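See structure below.
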Amino acid sequence: MPGAKRFAVVALILSAAACGSESHESALGPPKVTTTFGVGAGPMSDVASDPSTHRAYVTSSGGDSLYVVDAESRTATIKVGKAPAFAAVDPTTQTAYVTSGNSVSVVDIASGSITGTIQVGEGPDGIEVDSSTRTIYVANAGDNSVSVIDAHYRKTAATIKVGDSPDKMGVDPESHILYVSNRGSGSVSVIDPSKSAVIDTITVGKGPGDVAIDPPRHVAFVPNADDDSVSVLDLEKRTVVDTIKVGDHPTAATVDSDAHTVYVTNSGSASVSVIDSEKRAVTDTVEVRDGPRTVAADPSTHTAWVVNYKDNSISVIKR
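To convert, note that position 80 of the sequence shown is 154 in this note's numbering; the numbers rise steadily by one, no gaps.
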């Protein structure tokens, strides 16, 4: 595309390699860190996973870049907006969306080009994509709203007011309902995109920072940073049905549904709590580097990518 920014491929030797997906959870081994490595300039802020390519996408506020890390030890660097914060990937269109400033950069992954910029609210934080409806959601922490973006036209279709300091979110792929963690108000806003409105608000723990949805079980896991717990939400009843104690200052969560596993980053204790989503109990605690902040799963290889913010590294956990 004329005038589009291009990416520069940089060599990086990693020991990470994808392992084949096991057909049954019982055949999986205990979760463990297989490698930890740095990628480019830090600090790193977020990681998104694309199971269709087994790649991870890591934002770096220090390098104003989106780093693309694949399973064959290759890394590409894509320059995006200043101080990128969070990223989401649409595997069906091979497009990445990165929050930066008060905008979202649209990245064509194949070419490494920035193909557009979309203006959103103040202080955009978490970002989610619903691939089947071609909709992008951006949580704007600075003005307590969610921007609803039409991915085809690359325009904001609606702006919805939510709770205080909205952070990361989760989309139910079956109902297409959006769940928004409100860090400042200890709640989760439930949004029906067809109505462009909040249809319910669920009270959770203190300082919720993410919503990880487990579609087969119709539940979601919400890490509460300020009381060291994870709230389990019943998505049909829209209520908290369980609370699980984890490590110090949990900030993010991701689900590997086939392995009925939830990974929760404990930024205050340099660890990841591993939860059995059926038993709703912590079954393992995996030590990582300092300041684990975000995590993304590749269910096809039972891999979790953990960004260690203070250590400026990525830990790869496999089963």
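All residues carry an ideal CB built from backbone N, CA and C; glycine is no exception. Since we're looking at a predicted model, the values are computed, not measured.
Range covered by the beta strand (DSSP E) that runs through residue i
i	result
R367	366 to 372
T339	335 to 340
L307	303 to 308
I210	209 to 214
G103	No beta strand (DSSP E) holds G103; DSSP gives it neither H nor E.
V220	219 to 224
Y171	169 to 174
A378	377 to 382
Local conformation of residue i per DSSP, three classes
i	result
D332	helix
P289	helix
G200	strand
T313	strand
E361	strand
P158	coil
A299	coil
P117	coil
Buried or exposed (CB count within 10 angstroms, at least 16 for buried), residue i
i	result
K106	exposed
V216	Looking at the sequence provided, one finds Gly at residue 216 rather than Val. When all chains shown are included, G216 counts as exposed.
Y227	exposed
A184	exposed
D302	buried
P290	exposed
K319	exposed
A101	exposed
K392	buried
G103	exposed
T313	exposed
T166	exposed
A159	buried
S271	For the sequence presented, residue 271 should be read as Ala rather than Ser. When all chains shown are included, A271 counts as exposed.
T375	buried
V315	exposed
A161	buried
D241	buried
D238	exposed
S268	exposed
A355	exposed
S123	buried
S341	buried
S249	exposed
S263	buried
S126	exposed
G279	buried
For residue i: DSSP bridge partner residues
i	result
G66	With the chain covering only 75 through 393, there is no way to say anything about residue 66.
T109	V390
D350	T335, A355
Y131	A122, V142
S263	V254, T275
D164	T169
G244	Y253
T233	S221
I345	Per the sequence shown, residue 345 should be read as Ser rather than Ile. Per DSSP, N340, E361.
K319	S303
Would you check if there are 3 or more beta carbon pairs closer than 8 Å linking the stretch 194 to 205 to the stretch 239 to 258? yes
Touch check for the stretch 266 to 284 and the stretch 358 to 366: three-plus C-beta pairs under 8 Å? no
Contact between the stretch 305 to 319 and the stretch 363 to 377 is defined here as three or more beta-carbon pairs at a separation below 8 Å; is this criterion met? no
Count the C-beta pairs between the stretch 328 to 335 and the stretch 302 to 313 that are closer than 8 Å, then say yes if the count reaches three, no if not. no
Whether or not the stretch 130 to 141 and the stretch 220 to 238 are in contact is what I'm after, with contact meaning three or more pairs of Cβ atoms, one per stretch, closer than 8 Å; do they touch? no
At least three beta-carbon pairs within less than 8 Å, the stretch 379 to 392 to the stretch 111 to 125: yes
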